[in-house]
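Undergrad: Questions regarding the structure given below will be posed in turn.
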Amino acid sequence: MVEIKTPEQIAKMRAAGLVVAEALKACREAVAPGITTQELNDIADKVITDHGATSNFRAHHGGLWFPGVICASVNDEIVHGIPGERVLQEGDLISIDCGAILDGWHGDAAITVAVGEVAAEHTQLSRVTEGSMWAGIAQMKKGNRLVDVSRSIESFIRRQPLPPKGKWGIVEGYGGHGIGTAMHMEPHVLNYVAGRGKGPKLIPGTVLAIEPMVTLGTPHSAVLEDDWTVVTTDKSWASHWEHSVAVTEQGPLVLTAFDGGRAELAKLGVTAAPDPLA
Ligand code: MG
Ligand code: MG
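Going by the numbering used here, the letters in the sequence shown line up with residues 485 to 762, in that order.
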């Protein structure tokens, strides 16, 4: 049921992951007041093409066509925003999600970026979301169960001081996923613990996209008329961070981080696996 990769296949996924990392880096550097989300999309598109990769986003998903190579989700948009004519404004918070296919293997990652100066609570929102992602990634170790990842993400968020206004909402109904020869594979990765199931054992060769979505209010969402954009039902702002991560014999390998996750995992006392392409 869960696709288990050989070390050779993980090396190929690392190559795909690095293309995604490059695309997101280029987008992050371009984010500024005045740029449109379409322009960000086109920057990512060029990086993907220049690396000989293709987009896994600009495709049919369950019969619905997504026209972008990124999802650009601004402020109260949580995920799946369609890039277009929207002009970013000072103080906006944008989540950029991007994926690529290289040599048949998929990568998928997301970042949240401040547009100019943003309110302190929005900086905090992004930090908490990113921190919860790393807390989940740190559990991507041989012998753990899937629920250990979910629990670690949730408990990280729950132990943060509450924001001055609002609270932390862990978005329900969306989560991470297995990834490999397709972008969305078994298992689904909840960002919180639900029920008593422990989920599959994390054995070397398991690759998961870990992607918490956190709001400053509700855990509830709605999909706009465009059939794609997922927004909070109370207009609270949201953040989304994501990495594709392999469980290996030598620890977690963050396929979509330039350093394989080494620096952030070290802060949590976890040693990242050596980069198979280094
Ligand atoms: Mg994604
Ligand atoms: Mg994903």
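For glycine and all other residues, C-beta sits at the position ideal for the given N, C-alpha and C. Treat the numbers as computed from the prediction; the structure is a model and nothing was measured.
Taking the alpha carbon of Val631 as the point to measure from, which residue in Leu609, Glu605, Pro671 has its own alpha carbon closest?
TA: Translated into the one-based positions of the sequence shown, residue 631 becomes position 147. That would be Pro671, whose Cα lies nearest to the Cα of Val631.
Undergrad: Using only CA atoms, which one of Phe640, Ala598, Pro760 lies nearest to Ile654?
TA: Taking the first residue of the sequence shown as 1, we reach residue 654 at position 170. Of the listed residues, the one whose Cα sits closest to Ile654 is Phe640.
Undergrad: Work out the CA separation of Lys496 and Asp587 for me, nearest whole Å.
TA: Within the sequence shown, residue 587 is the residue found at index 103, counting from 1. Within the sequence shown, residue 496 is the residue found at index 12, counting from 1. The alpha-carbon atoms of Asp587 and Lys496 are separated by roughly 7 Å.
Undergrad: Tell me whether the beta-carbon of Thr477 lies closer than 8 Å to the beta-carbon of Val531.
TA: This structure cannot speak to residue 477, because the chain is shown only from 485 to 762.
Undergrad: Under 8 Å by Cβ, that's how I've got His724 and Glu695 pegged, so tell me the actual separation to the nearest angstrom.
TA: As a first step, residue 724 must be located in the sequence shown, where it is residue number 240. As a first step, residue 695 must be located in the sequence shown, where it is residue number 211. About 7 Å separates the two Cβ atoms, so the contact holds.
Undergrad: Is it buried or exposed, Met617, if we count other Cβ atoms within 10 angstroms and call 16 or more buried?
TA: Translated into positions along the sequence shown, residue 617 becomes position 133. Met617 is buried by the Cβ-count criterion.
Undergrad: Does the beta-carbon of His661, which I'm using as the reference point, lie nearer than 7 Å to any heavy atom of ligand 2?
TA: Position 177 of the sequence shown, counted from the start, is the residue given in the question as residue 661. At least one heavy atom of ligand 2 is nearer than 7 Å to the Cβ of His661, so yes.
Undergrad: How many angstroms separate the CA atom of Glu601 from the CA atom of Ile578?
TA: Your numbering for residue 601 matches position 117 in the sequence shown. Your numbering for residue 578 matches position 94 in the sequence shown. Near 13 Å, if we compare the C-alpha coordinates of Ile578 and Glu601.
Undergrad: Does Arg680 pass the burial test, meaning 16 or more other C-beta atoms within 10 Å, or should it be called exposed?
TA: Taking the sequence shown and counting its residues from 1, one reaches residue 680 at position 196. The residue is exposed, with fewer than 16 neighbouring Cβ atoms inside 10 Å.
Undergrad: Can you name, in chain order, every residue of its own chain whose Cβ lies under 6 Å from the Cβ of His704, other than the five neighbours on each side?
TA: Against the sequence shown, residue 704 aligns to sequence position 220. Same-chain partners within the cutoff: Thr717.
Undergrad: With distances taken from CA atoms, which of Ala741, Ser634, Gly744 is nearest Tyr676?
TA: Sequence index remark: in the sequence shown, residue 676 carries index 192 (1-based). Ranking Ala741, Ser634, Gly744 by Cα distance to Tyr676 puts Ser634 first.
Undergrad: Taking three-plus beta-carbon pairs below 8 Å as touching, is the stretch 516-526 in contact with the stretch 485-492?
TA: No: fewer than three Cβ pairs fall under 8 Å.
Undergrad: Just the C-alpha distance for Asp534 and Gly744, rounded to the nearest angstrom, thanks.
TA: Here residue 534 corresponds to residue number 50 of the sequence shown, with the count starting at 1. Here residue 744 corresponds to residue number 260 of the sequence shown, with the count starting at 1. The alpha-carbon atoms of Asp534 and Gly744 are separated by roughly 22 Å.
Undergrad: Looking only at DSSP bridge pairs, what is Thr740 linked to?
TA: Position 256 of the sequence shown, counted from the start, is the residue given in the question as residue 740. Thr740 pairs with nothing; no bridge assigned.
Undergrad: Since Val504 is in the alpha helix (DSSP H), which residue starts that stretch and which ends it?
TA: Along the sequence shown, one-based indexing puts residue 504 at 20. Per DSSP, Val504 belongs to the alpha helix (DSSP H) from 491-514.
Undergrad: Let's see if you can read the secondary structure: which residues bound the beta strand (DSSP E) around Ile694?
TA: In the sequence shown, counting from the first residue as 1, residue 694 sits at position 210. Element bounds for Ile694: 691-694.
Undergrad: Does the distance from the CB of Cys582 to the CB of Ala598 come in under 8 Å?
TA: As a first step, residue 582 must be located in the sequence shown, where it is residue number 98. As a first step, residue 598 must be located in the sequence shown, where it is residue number 114. No. Outside cutoff.
Undergrad: Applying the 10 Å Cβ sphere with the 16-neighbour rule, what's the burial state of Arg498?
TA: Start at 1 with the first residue of the sequence shown, and residue 498 comes out as number 14. Arg498 comes out buried.
Undergrad: Mind checking whether the beta-carbon of Glu748 lies closer than 7 Å to any heavy atom of ligand 2?
TA: For the purposes of this step, residue 748 is taken as residue 264 along the sequence shown, with counting starting at 1. No, Cβ of Glu748 sits at least 7 Å from all heavy atoms of ligand 2.
Undergrad: Below 8 Å, how does it come out for the stretch 708-717 and the stretch 736-755: are there three or more Cβ pairs, yes or no?
TA: Not touching, per the Cβ criterion.
Undergrad: Relative to the alpha-carbon of Gln644, which residue among Thr665, Arg629, Leu609 has its alpha-carbon at the smallest distance?
TA: Start at 1 with the first residue of the sequence shown, and residue 644 comes out as number 160. Closest by alpha carbon: Leu609.
Undergrad: Since Ser539 contacts Ala500 with CB under 8 Å, what's their CB separation in whole angstroms?
TA: In the sequence shown, counting from the first residue as 1, residue 539 sits at position 55. In the sequence shown, counting from the first residue as 1, residue 500 sits at position 16. So it is not a contact: roughly 12 Å between Cβ atoms.
Undergrad: Which residues in the same chain as Glu769 place their Cβ atom closer than 6 Å to its Cβ, once the five residues preceding and following it in sequence are excluded?
TA: Since the first and last residues shown for the chain are 485 and 762, residue 769 lies out of range.
Undergrad: Quick check on DSSP: helix, strand or coil for Val531?
TA: Position 47 of the sequence shown holds residue 531. Three-state result, Val531: helix.
Undergrad: Give me the residue from His590, Leu572, Val486 with the minimum Cα distance to Ala537.
TA: By one-based count along the sequence shown, residue 537 stands at place 53. Residue His590 is the option with its Cα nearest to Ala537.
Undergrad: I think Leu692 touches Met624, with their Cβ atoms under 8 Å apart; what is that distance to the nearest whole Å?
TA: Sequence index remark: in the sequence shown, residue 692 carries index 208 (1-based). Sequence index remark: in the sequence shown, residue 624 carries index 140 (1-based). That belief holds up - the Cβ atoms of Leu692 and Met624 are roughly 7 Å apart, short of 8 Å.
Undergrad: Let me check understanding here. Comparing Cα to Cα, which of Ala666, Pro736, Gly683 lies closest to His545?
TA: Stepping through the sequence shown from its first residue, residue 545 is reached at position 61. Among Ala666, Pro736, Gly683, the Cα nearest to that of His545 is on Ala666.
Undergrad: Taking all protein chains shown into account, do 16 or more other C-beta atoms lie within 10 angstroms of the C-beta of Pro567, making it buried, or fewer, making it exposed?
TA: Here residue 567 refers to the residue found at position 83 when the sequence shown is read from its first residue. Classification for Pro567: buried.
Undergrad: Based on the DSSP output, what are the partners of Met669 in its beta bridges?
TA: Along the sequence shown, read from residue 1 onward, the residue named residue 669 stands at position 185. Note: Met669 sits in a beta bridge opposite Gly662.
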